[in-house]
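S.K.: One structure coming up, written as structure tokens, with questions to follow.
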Amino acid sequence: MRFKTKVIQGWEGEIKGELLVTRMKISFFGDIDQKTGEVVGADLDILGENIADKIFVFSEGRGSTVGSNVLYGLARYGFAPKLIVTERTELITISGAIYGEIPMVSSLPAEAFDFLKTGAFTRAYIIDEFAYLEV
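Shown next, in the form of structure tokens:
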């Protein structure tokens, strides 16, 4: 399967990696430990997982503007995801991805959640202003 998304923060070449997927909204401030990459939000279905070096797929960001600083911190401490993929965009996650120089795409089709599963491997690449995820 191949899913078309919009590029928010681009990259060179292609990104390959393991997926970490949730349909839930993520607040980087409070849900993710910036010094380890561990998911610590007690209400999340991915509690205890780690976003470091993963292709992190979630519905959209939520919460505090401090979330963008947490994304920067994740990059600074070496625990950022390889790629952030969201269904819907919001400014906190976008600004954090740009600030932390973390590749990001959005506008993932909702039906993609039926095919993208935690632990599976995928690759992402850019053609013009669009990025594609293949599983």
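If you read the sequence shown in this note's numbering, its first letter stands for residue 372, the second for the next number, and so on.
Ideal Cβ positions, reconstructed from N, Cα and C, are used throughout, including at glycine.
Based on DSSP bridge pairs, tell me the residues matched to Gln405.
M.R.: Locating residue 405 in the sequence shown gives position 34, where the first residue counts as 1. Paired residues: none, contrary to the question.
S.K.: Would you give the residue range spanned by the alpha helix (DSSP H) that Ala446 belongs to?
M.R.: Residue mapping note: residue 446 aligns to position 75 of the sequence shown, counting from 1. Segment Gly438 to Tyr448, the alpha helix (DSSP H) holding Ala446.
S.K.: By Cβ distance below 6 Å, which residues in the same chain neighbour Val437 in space, the five residues on each side in sequence not counted?
M.R.: Here residue 437 refers to the residue found at position 66 of the sequence shown. Same-chain partners within the cutoff: Phe400.
S.K.: So for Ala481, helix, strand or coil by DSSP?
M.R.: Along the sequence shown, one-based indexing puts residue 481 at 110. Helix, per DSSP.
S.K.: Since I believe Ala495 is in contact with Ile513 (beta carbons under 8 Å), could you give me their beta-carbon distance rounded to a whole number of angstroms?
M.R.: Since the first residue shown for the chain is 372 and the last is 506, residue 513 is missing from the structure and cannot be characterised.
S.K.: Can you look up Ala502 in the DSSP assignment and give me helix, strand or coil?
M.R.: Residue numbering aside, residue 502 sits at position 131 when the sequence shown is read from its first letter. Of the three classes helix, strand and coil, the one that applies to Ala502 here is strand, per DSSP.
S.K.: Can you tell me which of the three DSSP states Ile455 falls into?
M.R.: Stepping through the sequence shown from its first residue, residue 455 is reached at position 84. Strand, per DSSP.
S.K.: Is Tyr503 near Thr376, with beta carbons less than 9 Å apart?
M.R.: If you number the sequence shown from 1, residue 503 lands on position 132. If you number the sequence shown from 1, residue 376 lands on position 5. Taking 9 Å as the Cβ cut-off, Tyr503 and Thr376 qualify as a contacting pair.
S.K.: Evaluate Leu462 with the Cβ neighbour count: other Cβ atoms within 10 Å of its Cβ, from every protein chain shown; 16 or more gives buried, anything less gives exposed.
M.R.: As a working note, residue 462 is residue 91 in the sequence shown. Classification for Leu462: exposed.
S.K.: Rank Arg373, Ala483 and Ile426 by C-alpha distance to the C-alpha of Gly490 and give the top, closest one.
M.R.: Residue numbering aside, residue 490 sits at position 119 when the sequence shown is read from its first letter. Among Arg373, Ala483 and Ile426, the Cα nearest to that of Gly490 belongs to Ile426.
S.K.: Considering Leu390, what are the terminal residues of the beta strand (DSSP E) in which it resides?
M.R.: Within the sequence shown, residue 390 is the residue found at index 19, counting from 1. Element bounds for Leu390: Glu385 to Val392.
S.K.: In whole angstroms, what separates the C-alpha of Ile473 from that of Ile422?
M.R.: Along the sequence shown, read from residue 1 onward, the residue named residue 473 stands at position 102. Along the sequence shown, read from residue 1 onward, the residue named residue 422 stands at position 51. Their backbone Cα atoms lie some 12 Å apart in a straight line.
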